[in-house]
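Residue numbers (our numbering): 119 to 295.
Here's what the structure looks like:
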């Protein structure tokens with residue numbers, strides 16, 4: 119069993135945490151985040167550290183103990199420095215552009231694909247073939263990246279599509295004569 123939950127989360131300079139009514143609120147220079155705490159877990163803030171403990175040692179409490187600690191840690195990292203995911207677009211004529219807040223993708227369909235990101239997420243087209251997704255909520259950043267990638271997943275024959283930075287696409291050989 120993992121013991122991640124026993125390590126306290128250290129709050130960096132400029133980040134504050136507050137516990138009220140089974141909710142942890144974290145504030146920092148990048149923004150604010152809140153998390154509902156399960157009933158089996160106690161959270162305390164002292165000496166710029168957030169400690170997570172189980173109320174009773176039950177199976178469910180052990181399951182959510184480490185998860186709650188890591189969620190709080192991700193919130194602290196998010197409001198302190200933010201999260202960033204980079205997507206690469208590969209293929210002839212494939213490109214992306216940001217018009218206002220909306221992302222416009224040309225990825226081989228007869229029409230443009232338009233995507234409006236949720237609140238708190240910023241999308242930048244660093245190049246026509248490179249997208250940068252940033253935000254304070256790690257889950258939202260990853261979800262938006264997955265949704266955008268889902269418009270045109272990389273195919274195994276030529277590798278065309280939208281992929282994560284550094285993602286290796288397993289290639290297939292194709293037809294033989």
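Every residue, glycine too, gets a C-beta built ideally from N, C-alpha and C.
Remember, it's a predicted structure, so these values are computed and weren't measured experimentally.
Between residue 251 and residue 262 a beta carbon distance of about 5 Å is seen, short of the 8 Å cut, so the two are scored as contacting. For residue 209, the secondary structure class from DSSP, reduced to helix, strand or coil, is coil.
Around the CB of residue 289, fewer than 16 other CB atoms lie within 10 Å, so the residue is classed as exposed.
Taken in chain order, the unbroken stretches of beta strand (DSSP E) that lie wholly in the region 161-249 and span 3 residues or more are 167-172, 201-208, 213-217, 220-224, 231-233, 239-245.
Each residue's CA atom was taken as its position, placing residue 294 and residue 273 some 18 Å apart. Within the model, the alpha-carbon separation for residue 201 versus residue 241 is close to 12 Å. Rounded to whole angstroms, residue 130 and residue 193 show a C-alpha spacing of 12 Å. Residue 231 and residue 212 have their C-alpha atoms roughly 11 Å apart.
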